[in-house]
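J.:
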Amino acid sequence: MPVEFLGIAATNDGSETSPRSGGAFDPEYTLRLARAHEDHGWDRVLFAYSSGSPDPATGAALLASRLDRLQILLAHRPNISYPTYAARVFASLDQLSGGRLTVHFITGGSDHEQQREGDTLTKDERYARTREYIRVVKKIWTSREPFDHEGDFYRFRDYVSDVFPVQQPRPGVSFGGSSPAAYAAGGAEADIYCLWGEPLAETAEQIESVRQAAAAAGRKEVPRIQVAFRPIIAPTEELAWEKAHRTVGAIRAARGPQRDPENTGSQRLIALAERGERFDRALWTPTAAATGGAGNSNALVGTPETVAQALLDYYDLGVDIISARGYDLLGDAIDFGRHVIPIVREEVAKRDAQLAEAAL
Ligand SMILES: Cc1cc2nc3c(=O)[nH]c(=O)nc-3n(C[C@H](O)[C@H](O)[C@H](O)COP(=O)(O)O)c2cc1C
């Protein structure tokens, strides 16, 4: 199976190590960063969601209308809209992009962050709602006849959309979370299941949980697995480790007050960092510890060759999609695309050729 690479679609140049130089939505930077991904071998970029950020669907529309090949992963929280509306936004974006949209459905890992936009459900209730929401969206994407819906969270009558996706039967559904409720909902509904980077053994355990949840939901196929890292690369190991220590120093200097995370995924990252700094070939946890396990935060440190070999270890474990983002978003997207992606693709092609030969 070919490997895919997901980068980040930021709307400004800020990161954990440096404040942004302008406003929150800088269309020119958004396009420059997306182009850097498109020109350097990446497959897709993520437009993330948070309660105060620029609307990611607007950023996605900008990319869709100005770039030709790069695919879009659009993060979307069910609490912010009704699924009949959201399904049409997604179908319209899939039309605008010529079939390049995948939707990442976010349940929300923090009560406080959810309540900022009026969502008062508990996390487990939110997962139940996400599950119903995804089912409704899938049905709207594919149903040419009006239908009624009677669910726990949504009730409507006689609905049919007039805009359908380019991708048939529908765009991909991506999903993340590391709690039992997450595995159950995503295992049942997701085409792509997203994990944050953990050591190989823990990643294998999570993949197994997703596979079991998919089987329990009666699915024959399993979701493709995506794992996310923060690569820190340099021409020599020594320079890479110097850069890693500088990076974590900058994160610590820039970080504001933090709350203890409520989501299992972040709690796992913090617990891991307490167990140790280095795991396997190149995984390094101080970047996660310094951000309080905030999302994709574990680093892979080393030369491009070392980081590529570390990624291949994950590929061999059953990971299909590598998500990566540096701390200098633009420069690191170019460096990773130039120096790491070609090695991983070449090695994956060799593995695939060997498998094909063995099957003859
Ligand atoms: C790859 C990935 C990307 C995510 N992107 C976002 C995002 O943009 N915004 C957000 O609020 N949550 C995001 N999340 C968080 C999850 O959707 C989910 O709300 C959270 O992980 C649930 O916590 P749990 O681990 O306790 O199940 C992301 C998770 C993953 C794995």
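According to numbering that gives the first Met the number 0, the sequence shown holds residues 0 to 359 in order.
Quick reminder that beta carbons are idealized off the backbone N, C-alpha and C, glycines included.
#1: Leaving out the 5 sequence neighbours to the left and right, which residues in its chain are closer than 8 Å to Pro168 when beta-carbon positions are compared?
#2: Bridge partners for Tyr192 per DSSP, in chain order?
#3: Spell out the partners DSSP gives Arg143 in its beta bridges.
#4: For ligand 1, any of its heavy atoms closer than 7 Å to the Cβ of Lys122?
#5: What does the alpha-carbon distance come out to for the pair Arg245 and Ile105?
#6: Would you say the beta carbon of Leu194 is closer than 7 Å to some non-hydrogen atom of ligand 1?
#7: Which residue marks the beginning of the beta strand (DSSP E) containing Gly13, and which one marks its end?
#8: By the DSSP assignment, the alpha helix (DSSP H) with Thr202 in it spans what residues?
#9: Hey, is the stretch 251-269 in contact with the stretch 232-242, meaning 3+ C-beta pairs nearer than 8 Å?
#10: Quick check: the stretch 59-74 against the stretch 121-135, are there 3 or more CB pairs under 8 Å?
#11: Does DSSP classify Tyr66 as helix, strand or coil?
#12: Hey, would you say Ile191 sits closer than 8 Å to Ile320, going by beta carbons?
#13: For Tyr158, which of helix, strand or coil comes out of DSSP?
#14: Tell me, please, whether the CB atom of Trp140 is closer than 8 Å to any CB atom in chain E?
#15: Nearest-angstrom Cα distance between Leu329 and Arg143?
#16: Could you check if Ser20 is buried or exposed, using at least 16 other CB atoms within 10 Å of its CB as the buried criterion?
#17: DSSP three-state call for Arg43: helix, strand or coil?
#18: Between Gly292, Glu204, Thr10, which has its C-alpha nearest Gln266's C-alpha?
#19: Label Leu194 either buried or exposed according to how many other C-beta atoms from any shown protein chain fall within 10 Å of its C-beta, with 16 as the threshold for buried.
#20: Since Leu316 and Ile206 should fall inside the 8 Å C-beta cutoff, what is the C-beta to C-beta distance between them, to a whole number of angstroms?
#21: Measure the alpha-carbon distance for Ala90 versus Pro164 and round it to whole angstroms.
#22: I want to check one thing, is the minimum distance from the CB of Ile105 to the heavy atoms of ligand 3 below 7 Å?
#23: For a test of your reading of the model: does the CB of Ala23 fall under 7 Å from any non-hydrogen atom of ligand 1? Yes or no.
#24: Would Val88 and Leu69 be called neighbours here (beta carbons separated by less than 8 Å)?
#25: With distances taken between CB atoms, is the gap from Val226 to Thr202 smaller than 8 Å?
#26: Using a Cβ-based criterion (distance less than 7 Å to any ligand heavy atom), does Ser49 qualify as near ligand 1?
#27: In the structure shown, what three-state DSSP assignment does Gly330 receive?
#28: On a Cα-Cα basis, can you pick out the residue from Lys137, Ala213, His36, Gly175 that is closest to Gly264?
#29: If you draw a straight line from the C-alpha of Ala253 to the C-alpha of Gly150, how long is it?
#30: Can you tell which of Ala287, Asp279, Ala281, Arg280 has its C-alpha closest to the C-alpha of Ala272?
#31: Taking the beta carbon of Arg229 as the centre, do at least 16 other beta carbons fall within 10 Å, making it buried, or is it exposed?
#32: Report the rounded CA-to-CA distance for Ser173 versus Ala56, giving the unit in angstroms.
T.: This is what the structure gives:
#1: By 1-based counting over the sequence shown, the position of residue 168 is 169. For Pro168, where only same-chain residues beyond five positions count, the Cβ hits under 8 Å are Trp140, Thr141.
#2: Position 193 of the sequence shown, counted from the start, is the residue given in the question as residue 192. Residue pairing for Tyr192: DSSP places it in a beta bridge opposite Phe174, Ile224.
#3: By 1-based counting over the sequence shown, the position of residue 143 is 144. Paired residue(s): none; Arg143 is not in a bridge.
#4: As a first step, residue 122 must be located in the sequence shown, where it is residue number 123. Answer for Lys122: yes, Cβ within range of ligand 1.
#5: Here residue 245 is taken as the residue at index 246 of the sequence shown, counted from 1. Here residue 105 is taken as the residue at index 106 of the sequence shown, counted from 1. Computed Cα separation, rounded: 32 Å.
#6: The residue labelled residue 194 in the question sits at position 195 within the sequence shown. Checking the Cβ of Leu194 against ligand 1 gives yes.
#7: If you number the sequence shown from 1, residue 13 lands on position 14. Careful: Gly13 lies outside any beta strand (DSSP E) and carries neither H nor E.
#8: Locating residue 202 in the sequence shown gives position 203, where the first residue counts as 1. In the DSSP assignment, Thr202 falls within the unbroken alpha helix (DSSP H) covering 199-215.
#9: Judged by Cβ distances under 8 Å, the stretch 251-269 makes no contact with the stretch 232-242, as fewer than three pairs qualify.
#10: No, the stretch 59-74 is not in contact with the stretch 121-135.
#11: Here residue 66 refers to the residue found at position 67 when the sequence shown is read from its first residue. Residue identity check: residue 66 is Leu in the sequence provided, not Tyr. Three-state DSSP puts Leu66 in coil, outside helix and strand.
#12: On the sequence shown, position 192 is the one that residue 191 refers to. On the sequence shown, position 321 is the one that residue 320 refers to. For the pair Ile191 and Ile320, the CB atoms are nearer than the 8 Å cut-off.
#13: On the sequence shown, residue 158 is found 159 positions in, with the first residue counted as 1. DSSP places Tyr158 in strand when its eight states are reduced to three.
#14: Of the protein chains in the structure, only one exists, and it is not chain E.
#15: Along the sequence shown, read from residue 1 onward, the residue named residue 329 stands at position 330. Along the sequence shown, read from residue 1 onward, the residue named residue 143 stands at position 144. Pairing Leu329 with Arg143, the inter-Cα distance amounts to about 42 Å.
#16: As a working note, residue 20 is residue 21 in the sequence shown. Here Ser20 is exposed, its C-beta having fewer than 16 other C-beta atoms within 10 Å.
#17: Stepping through the sequence shown from its first residue, residue 43 is reached at position 44. It is a strand residue.
#18: Locating residue 266 in the sequence shown gives position 267, counting from the first residue. Nearest of Gly292, Glu204, Thr10 to Gln266, Cα basis: Gly292.
#19: Here residue 194 refers to the residue found at position 195 when the sequence shown is read from its first residue. The residue in question, Leu194, is buried, as its Cβ has 16 or more Cβ neighbours within 10 Å.
#20: Residue mapping note: residue 316 aligns to position 317 of the sequence shown, counting from 1. Residue mapping note: residue 206 aligns to position 207 of the sequence shown, counting from 1. Leu316 to Ile206, Cβ: 7 Å. Contact.
#21: Indexing the sequence shown from 1 puts residue 90 at position 91. Indexing the sequence shown from 1 puts residue 164 at position 165. Approximately 4 Å, taken between the alpha carbons.
#22: This structure does not include ligand 3; its bound ligands are ligand 1.
#23: Here residue 23 corresponds to residue number 24 of the sequence shown, with the count starting at 1. Incorrect: Ala23 has no Cβ contact closer than 7 Å to ligand 1.
#24: Taking the first residue of the sequence shown as 1, we reach residue 88 at position 89. Taking the first residue of the sequence shown as 1, we reach residue 69 at position 70. Taking a C-beta distance under 8 Å as the contact criterion, Val88 and Leu69 do not qualify as a contact pair.
#25: On the sequence shown, residue 226 is found 227 positions in, with the first residue counted as 1. On the sequence shown, residue 202 is found 203 positions in, with the first residue counted as 1. Their beta carbons are under 8 Å apart, which means Val226 touches Thr202 by this criterion.
#26: As a first step, residue 49 must be located in the sequence shown, where it is residue number 50. Because some heavy atom of ligand 1 lies under 7 Å away, the Cβ of Ser49 counts as near it: yes.
#27: As a position in the sequence shown, residue 330 is number 331, starting the count at 1. Three-state result, Gly330: helix.
#28: On the sequence shown, residue 264 is found 265 positions in, with the first residue counted as 1. If we check each option's Cα against that of Gly264, Gly175 comes out closest.
#29: Your numbering for residue 253 matches position 254 in the sequence shown. Your numbering for residue 150 matches position 151 in the sequence shown. So the alpha carbons of these two residues sit roughly 45 Å apart.
#30: Taking the first residue of the sequence shown as position 1, residue 272 is located at position 273. Comparing Cα positions, the closest option is Ala287.
#31: The count along the sequence shown starts at 1 and reaches residue 229 at position 230. Buried, since its Cβ has 16 or more Cβ neighbours within 10 Å.
#32: Taking the first residue of the sequence shown as position 1, residue 173 is located at position 174. Taking the first residue of the sequence shown as position 1, residue 56 is located at position 57. About 15 Å.
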